[in-house]
Amino acid sequence: MSPQRDGQSGPSVTGRVLGILSAFGPGAEALSLSGIARAAGLPLSTAHRLVGELAAWGALERGEDGRYRIGLRLWEVGALAPRSLGLRERAMPYLEDLYEATRQNVQLAVRDGHEVVYVERLAHPEAVRVFTRVGGRMPLHATGVGQVLLAFAHVSVQEEVLAGPLSALTPRTVTDPHALRRTLAAVRREGVAVCDGLVDLLSLSVAAPVRGEDDRVVAAMSVVVPSAGSDPRTIVPAVRATARGISRALGSPSARRRPSGVVTPLPSAAGADAPRTAERGA
2 MSPQRDGQSG
12 PSVTGRVLGI
22 LSAFGPGAEA
32 LSLSGIARAA
42 GLPLSTAHRL
52 VGELAAWGAL
62 ERGEDGRYRI
72 GLRLWEVGAL
82 APRSLGLRER
92 AMPYLEDLYE
102 ATRQNVQLAV
112 RDGHEVVYVE
122 RLAHPEAVRV
132 FTRVGGRMPL
142 HATGVGQVLL
152 AFAHVSVQEE
162 VLAGPLSALT
172 PRTVTDPHAL
182 RRTLAAVRRE
192 GVAVCDGLVD
202 LLSLSVAAPV
212 RGEDDRVVAA
222 MSVVVPSAGS
232 DPRTIVPAVR
242 ATARGISRAL
252 GSPSARRRPS
262 GVVTPLPSAA
272 GADAPRTAER
282 GA
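The numbering used here puts the sequence shown at residues 2 to 283.
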C-alpha cells in the first residue's frame with residue numbers, strides 16, 4: 002500500500018493499516034468491524050475498505066461469527082524476523098530439555114526498546130500460571146528475562162529505563178531506580194536474575210543471558226516455577242547450563258571454551274525426578 006495520505010488530512014494509508022493491526026492484542030484477539038474502526042479511530046467506511054484488503058491478503062481472517070482475527074499470512078511474515086528465526090531453531094533443543102526436566106514454564110525472549118518480547122514459551126498444563134505469551138511484551142525492569150537483557154544492554158538504554166517511570170505489576174516489582182541499579186549490577190556479577198513475585202506473587206523466575214557470535218547478549222531465557230516451595234539455588238545451575246548450551250549453538254566464543262556434556266542436577270522442587278544432560282554440543 003502507498004504511504005501517501007488518503008485525503009487532505011489525517012494519517013497516511015500505511016498509518017491507518019498499522020492502526021488497524023494495532024487494535025488487536027491481549028483481550029482483543031477477535032474484533033468486529035465496528036470495534037476495529039473504533040479502536041483505530043477510523044470512519045466505518047474506511048475501516049471496511051482497509052479491513053477487506055487486509056483480509057484478502059491474509060493479514061486478517063474473518064470467522065464464522067463475523068469477527069476478525071490476525072491471519073496466518075501475517076504470522077508467517079512475522080516468523081521471518083531474523084532475531085527470532087535462527088535463535089528459536091537453535092534454542093529449542095535446550096529449552097525442551099529444561100522443560101522436560103522441570104515440567105514448568107520455559108521462556109526465551111529478546112529486547113525491543115524498553116520492553117522484552119517473548120519469542121518462545123513452553124508450558125506444562127500443570128505448571129504455575131504465567132501472563133506471558135509468544136509475541137507478548139513486558140517491561141524490562143519487571144521480569145527475569147527483562148532484567149537480564151537490561152543488565153547487559155548499552156548503558157544509554159539502562160539510563161533511559163532508570164529515568165522511569167518504572168511501573169509496578171505487583172507490590173514486589175522493583176520501581177526504585179537506585180534499587181534497580183543495584184539489581185542490574187548483581188545480575189551482571191552473578192550472570193543470573195532471580196525474580197520472586199515481580200509479575201505474579203505466585204511465581205518465581207530464574208533467568209540467564211544468551212550470547213551470540215560476538216559474545217554480546219542477544220537474548221535471555223528463563224524458567225518460571227511456583228514461588229512457594231521452590232529454592233532458586235537448585236534451579237540456577239540448570240538455567241545457566243541451558244543458556245550456555247544455547248549460546249554455544251549460536252557460536253559464542255566464551256560458551257565454546259567451556260567444557261561440554263556437563264550433567265546438571267535439575268530442581269526437584271520444579272518436578273525433576275533425575276539428573277539430565279542440560280548441555281549439548283553445538
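All residues carry an ideal CB built from backbone N, CA and C; glycine is no exception. The structure displayed is predicted, hence computed values, not measured ones.
Within a Cβ cutoff of 6 Å, which residues of the same chain sit near residue i, ignoring the five residues on either side of it in sequence?
i	result
Glu214	Gly252
Gln148	Val188 and Ala194
Val45	It is worth fixing the name first, because residue 45 is Leu in this sequence and not Val. So the list reads Ala38, once near-sequence residues are dropped.
Gly16	none
Ala186	none
Leu202	Thr171
Taking the beta strand (DSSP E) that residue i belongs to, which residues open and close that run?
i	result
Pro140	Arg138 to Pro140
Gln105	Per DSSP, Gln105 belongs to no beta strand (DSSP E) and is neither H nor E.
Pro227	Val218 to Pro227
Arg63	Leu61 to Arg63
Ser35	No beta strand (DSSP E) holds Ser35; the alpha helix (DSSP H) holding it covers Leu34 to Ala41.
Report all residues from its chain with a CB closer than 7 Å to the CB of residue i; omit the five preceding and five following residues, and keep chain order.
i	result
Ile71	Phe25 and Leu61
Arg241	Gly192, Val193 and Ala209
Gly67	Ser33
For the alpha helix (DSSP H) containing residue i, name the first residue and the last one.
i	result
Gln292	What is shown of the chain runs 2 to 283, which leaves residue 292 out entirely.
Pro238	Pro233 to Ala250
Glu161	Val156 to Leu163
Arg258	Here Arg258 belongs to no alpha helix (DSSP H), and DSSP marks it neither H nor E.
Arg70	Note, Arg70: premise wrong, no alpha helix (DSSP H); beta strand (DSSP E) at Tyr69 to Ile71.
Ala56	Leu45 to Trp58
Looking only at C-alpha atoms, which of the options sits nearest to residue i?
i	options	result
Pro254	Ser223, Val211 and Ala102	Val211
Gly246	Leu55, Trp76 and Arg91	Arg91
Leu181	Pro233, Ala209, Leu141 and Ser223	Leu141
Cys196	Asp216, Val224, Glu116 and Ala220	Val224
Gly28	Leu19, Arg134 and Pro94	Arg134
Leu32	Tyr69, Arg234, Arg112 and Arg249	Tyr69
Ser231	Leu205, Arg74, Ala40 and Val14	Leu205
Pro233	Ala250, Gly198 and Arg258	Gly198
Ser35	His49, Leu19 and Gly20	His49
Leu163	Arg74, Trp58, His179 and Val226	His179
Ile21	Ala152, Ala41 and His155	Ala41
Ala99	Arg74, Glu116, Gly114 and His125	The sequence as given places Leu at residue 99; Ala does not occur at that position. Cα-wise, what sits closest to Leu99 is His125.
Leu151	Arg217, Val237, Glu30 and Val78	Arg217
For the ligand COA, is there a heavy atom less than 8 Å away from the beta-carbon of residue i?
i	result
Gly147	Judged by which ligands are present, the structure shown has none, so any question about the ligand COA falls away.
Rounded to whole angstroms, how far is the Cβ of residue i from the Cβ of residue j, which I believe are closer than 8 Å?
i	j	result
Tyr119	Gln108	6 Å
Ser248	Ala239	Their Cβ separation, rounded to whole angstroms, is 15 Å, which puts Ser248 and Ala239 out of contact at 8 Å.
Leu96	Val219	Not really, about 15 Å apart at Cβ, beyond 8 Å.
His115	Glu161	7 Å
Met222	Ala250	In fact, because the Cβ distance is near 12 Å, the residues do not count as touching under 8 Å.
For residue i, list the residues DSSP reports as bridge partners.
i	result
Glu116	Asp113 and Pro140
Val200	DSSP output for Val200 lists no bridge partner at all.
Ala208	Ala194 and Ser223
Arg122	Gln108
Ala29	Gly26
Starting from the C-beta of residue i, find all residues in its chain whose C-beta is less than 8 Å away, skip the five residues before and the five after it, and write them out in chain order.
i	result
Arg122	Asn106, Val107, Gln108, Leu109, Val131, Thr133, Arg134 and Val135
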